[in-house]
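Here is the structure we will look at.
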Amino acid sequence: MMLSLPIASVQLTEVAQELSVSLATVRNWIKTGKIVALSSSTIDATSYVDFKKNTIGTQKLNKRANKTQTQVAQQLSLVTHLAIESISANGDELSLLYEQSLSNTIQNVKGIYYTPLHIVADMFTHLPVDSINAYTTFCDPCCGTGNFLLGAVDAGISPGKISGFDIDPQAIQIAQNRFFQKTGYFSPNIQCVDSVKAYLLKNTPPQNYDIVMTNPPWGKNPIKPYTTLLPSKILPDACILFTELCLSLVKQEGLLGLLLPDAYFNIASFQSIRTRLLTKKLLVLLDYGKPFKGLQARAEAIILQNKALQKATLEETVTCIWEKQKTNRKQQSFLEQPEHIFNFHITQQEEDALQHVLSKPYETLKNKAAWGMGIVTGDNQQYVSSIQTEDYTIPVYKGADIKQQGLIALNQQFLKPQFQQFQQVAPLHLYQAPKKIVYRFISDSLRFALDDQQRFFLNSANFFILEKNLGIKDAILVHYLNSRFMNWVFKSLYRTHKVLRKDLEQLPLFLDFLTDCTVFDEQALHHYLDITEQPDGTFRLKRTYS
Ligand SMILES: C[S@@+](CC[C@H](N)C(=O)[O-])C[C@H]1O[C@@H](n2cnc3c(N)ncnc32)[C@H](O)[C@@H]1O
Numbered sequence: 002m003m004l005s006l007p008i009a010s011v012q013l014t015e016v017a018q019e020l021s022v023s024l025a026t027v028r029n030w031i032k033t034g035k036i037v038a039l040s041s042s043t044i045d046a047t048s049y050v051d052f053k054k055n056t057i058g059t060q061k062l063n064k065r066a067n068k069t070q071t072q073v074a075q076q077l078s079l080v081t082h083l084a085i086e087s088i089s090a091n092g093d094e095l096s097l098l099y100e101q102s103l104s105n106t107i108q109n110v111k112g113i114y115y116t117p118l119h120i121v122a123d124m125f126t127h128l129p130v131d132s133i134n135a136y137t138t139f140c141d142p143c144c145g146t147g148n149f150l151l152g153a154v155d156a157g158i159s160p161g162k163i164s165g166f167d168i169d170p171q172a173i174q175i176a177q178n179r180f181f182q183k184t185g186y187f188s189p190n191i192q193c194v195d196s197v198k199a200y201l202l203k204n205t206p207p208q209n210y211d212i213v214m215t216n217p218p219w220g221k222n223p224i225k226p227y228t229t230l231l232p233s234k235i236l237p238d239a240c241i242l243f244t245e246l247c248l249s250l251v252k253q254e255g256l257l258g259l260l261l262p263d264a265y266f267n268i269a270s271f272q273s274i275r276t277r278l279l280t281k282k283l284l285v286l287l288d289y290g291k292p293f294k295g296l297q298a299r300a301e302a303i304i305l306q307n308k309a310l311q312k313a314t315l316e317e318t319v320t321c322i323w324e325k326q327k328t329n330r331k332q333q334s335f336l337e338q339p340e341h342i343f344n345f346h347i348t349q350q351e352e353d354a355l356q357h358v359l360s361k362p363y364e365t366l367k368n369k370a371a372w373g374m375g376i377v378t379g380d381n382q383q384y385v386s387s388i389q390t391e392d393y394t395i396p397v398y399k400g401a402d403i404k405q406q407g408l409i410a411l412n413q414q415f416l417k418p419q420f421q422q423f424q425q426v427a428p429l430h431l432y433q434a435p436k437k438i439v440y441r442f443i444s445d446s447l448r449f450a451l452d453d454q455q456r457f458f459l460n461s462a463n464f465f466i467l468e469k470n471l472g473i474k475d476a477i478l479v480h481y482l483n484s485r486f487m488n489w490v491f492k493s494l495y496r497t498h499k500v501l502r503k504d505l506e507q508l509p510l511f512l513d514f515l516t517d518c519t520v521f522d523e524q525a526l527h528h529y530l531d532i533t534e535q536p537d538g539t540f541r542l543k544r545t546y547s
């Protein structure tokens with residue numbers, strides 16, 4: 002998208018410096034029409050941003066991905082730096098331009114994805130009715146270019162009662178400009194502040210707010226500066242750190258809204274923060290799909306009230322919204338899930354069926370198996386070939402070769418056995434075990450197969466070897482793990498495209514049913530579990546259905 006900005010020029014010398022190229026190279030880009038010159042020494046800023054994004058964004062900037070955060074920060078666009086100094090620039094366009102100018106690399110490293118305005122607006126609509134009045138105070142402690150601050154204005158919060166902080170001075174300048182353009186009020190409450198240092202680590206909240214709402218940085222990288230300073234109970238993840246920050250900023254009985262990656266809601270390492278949130282009154286859980294270009298993670302939101310729970314409140318319902326569906330779940334039901342996962346994408350009927358089957362006696366794979374990962378060569382071009390030669394001797398399989406019918410390699414590949422050179426390789430005796438059960442690591446559904454030929458696998462396939470005799474035949478276990486029932490259980494609990502060992506170790510193995518099996522019969526399993534399959538692949542309790 003070409004944007005027209007009032008001051009949209011940048012010096013040739015600055016471009017050369019930023020991209021570490023010679024002036025001659027920059028002139029060559031002008032000659033070949035890649036960027037547009039405004040004069041002999043200046044370049045049209047918009048064409049430069051497009052050029053960085055489309056032409057060199059994936060090449061040159063990616064090569065810099067390993068640089069330190071400070072170096073990465075220095076790469077922030079000169080163009081936007083110049084443009085944002087203009088109060089007259091269109092703030093919304095500038096915000097978009099600024100976000101575009103953060104290359105994918107920087108976005109990933111720093112976890113910076115500004116929240117789309119429709120999501121901001123939607124999150125405000127899920128606050129309880131009457132929660133906003135003339136006195137309501139609001140804060141986004143990492144406000145970026147101000148999307149939530151503008152959302153707060155639209156939701157009816159008085160501009161003088163809205164605060165926004167961010168560590169990025171350029172983003173703050175854009176936020177101030179946008180806020181001024183929208184309200185005519187130049188807010189002293191939108192400030193460049195390291196909120197973590199100022200309000201969490203020093204434990205001196207500026208004041209408590211009625212509503213705190215934000216999309217914090219995601220991932221481990223944004224938190225690196227604080228890792229040594231953090232209390233040990235806080236895991237080194239930005240979402241957890243900013244949840245703690247927001248909880249320290251929101252008033253007792255106040256409201257907190259957070260947009261977070263799906264992992265926060267469903268993977269084991271986030272259990273402690275989920276357990277903490279379950280001590281508050283949860284109001285709404287929302288799934289916004291995958292709104293961030295280039296990110297695999299889903300964005301999901303939680304809205305809660307900062308109010309210690311009475312036992313009775315656990316019986317109250319949480320509104321769950323996903324893919325145009327809306328259900329009510331008892332808050333208690335999340336406490337009953339393994340690792341307190343917030344599996345809010347299932348109906349109360351599915352939840353009842355799940356709790357029913359999990360109330361039967363079962364074993365799990367935990368401490369019963371040795372686990373191994375597929376090989377990561379680090380350079381498949383060098384170490385993997387589709388032709389078997391003197392060098393490429395070992396047939397190797399991928400996750401895609403694990404099919405419902407078994408292991409089928411349509412494009413068989415061969416490995417150069419230079420195991421010491423590989424980035425990741427399990428102890429060789431694990432690949433060479435007489436029997437192992439392999440599974441696709443990246444997959445929306447469970448795909449398992451039995452390997453009794455000591456095969457090698459690449460990293461899209463992982464495996465386990467049963468160490469304890471559970472009394473289940475290997476082939477039966479494979480059928481069971483691939484079954485429609487287990488796929489439903491897995492999806493109901495985790496709803497992820499990554500099949501993680503920790504999750505597999507939680508899955509129920511109903512020995513009373515499985516140890517007697519000589520042929521796996523899916524219908525007999527449903528009968529044993531007292532559940533019926535629905536046309537959409539979900540399950541319900543037999544008695545509620547009949
Ligand atoms: C994912 S972006 C979201 C921005 C904004 N809340 C939104 O939803 O559009 C996260 C923001 O956190 C900011 N940030 C990171 N560390 C911070 C810190 N210690 N203090 C304040 N802001 C911080 C980043 O600069 C970035 O603008």
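Going by our numbering, the residue at position 250 of the sequence shown is 251; the numbering climbs one at a time, nothing skipped.
Glycine is no exception: its CB is placed at the ideal position from the N, C-alpha and C atoms.
query                                                                                                                                            : result
Who are the Cβ neighbours of ILE158 in its own chain at under 7 Å, not counting the five residues just before and after it?                      : ILE133, THR137, PHE139
Can you tell me which of the three DSSP states ARG275 falls into?                                                                                : helix
Relative to ligand 1, is the shortest distance from any of its heavy atoms to the C-beta of ALA172 smaller than 7 Å?                             : yes
I think LEU118 touches ASN148, with their Cβ atoms under 8 Å apart; what is that distance to the nearest whole Å?                                : 6 Å
Report yes if the C-beta of PHE166 is less than 7 Å from at least one heavy atom of ligand 1; otherwise report no.                               : yes
Could you check which residue in GLN349, LEU411, LEU416, LEU359 has the C-alpha nearest to that of ASN381?                                       : LEU416
What does a CB cutoff of less than 6 Å around PHE166 pick up in its chain, not counting 5 residues either side in sequence?                      : PRO142, GLN192, VAL194, SER196
Please list the terminal residues of the continuous alpha helix (DSSP H) segment that includes ASP353.                                           : 349-359
Please check the pair LEU315 and LYS331, which I expect to be a contact at CB under 8 Å, by giving their CB distance rounded to whole angstroms. : 7 Å
Closer than 8 Å is the cut-off here; do at least three beta carbon pairs connect the segment 471-486 with the segment 325-340?                   : no
Let me check one thing: in DSSP terms, what residues is GLY287 bridge-paired to?                                                                 : The identity of residue 287 in the sequence shown is Leu, whereas the question assumes Gly. ALA302, ILE322, per the DSSP bridge assignment.
Where do the N-terminal and C-terminal ends of the alpha helix (DSSP H) with PRO189 fall, by residue?                                            : Premise fails: PRO189 is in no alpha helix (DSSP H) and is neither H nor E.
Secondary structure at SER78, three-state DSSP: helix, strand or coil?                                                                           : A caution first: SER78 carries a pLDDT of 48, below 50, which makes its placement in the model unreliable, though a value can still be read off. In this structure, SER78 counts as coil in the three-state DSSP scheme.
The beta strand (DSSP E) that contains GLN414, what's its start and end?                                                                         : 414-416
Check TYR398 in the structure and name its three-state DSSP category.                                                                            : strand
Going by DSSP in three states, ALA410 sits in which element: helix, strand or coil?                                                              : coil
How many angstroms separate the CA atom of LEU236 from the CA atom of ILE268?                                                                    : 14 Å
To the nearest angstrom, how far is it from the Cα of TYR550 to the Cα of VAL397?                                                                : Absent from the structure is residue 550, since the part of the chain shown begins at 2 and ends at 547.
DSSP beta-bridge partners for GLN12?                                                                                                             : THR43
Once DSSP output is grouped into helix, strand and coil, what is the label at GLU1?                                                              : Residue 1 lies beyond the residue range present for the chain, which begins at 2 and ends at 547; the question has no answer from this structure.
By how many angstroms is the C-alpha of MET214 removed from the C-alpha of GLY152?                                                               : 10 Å
By Cβ distance below 7 Å, which residues in the same chain neighbour ALA135 in space, the five residues on each side in sequence not counted?    : SER159
Out of GLN253, TRP372, ASP211, THR539, which has the shortest C-alpha to C-alpha gap to LEU431?                                                  : TRP372
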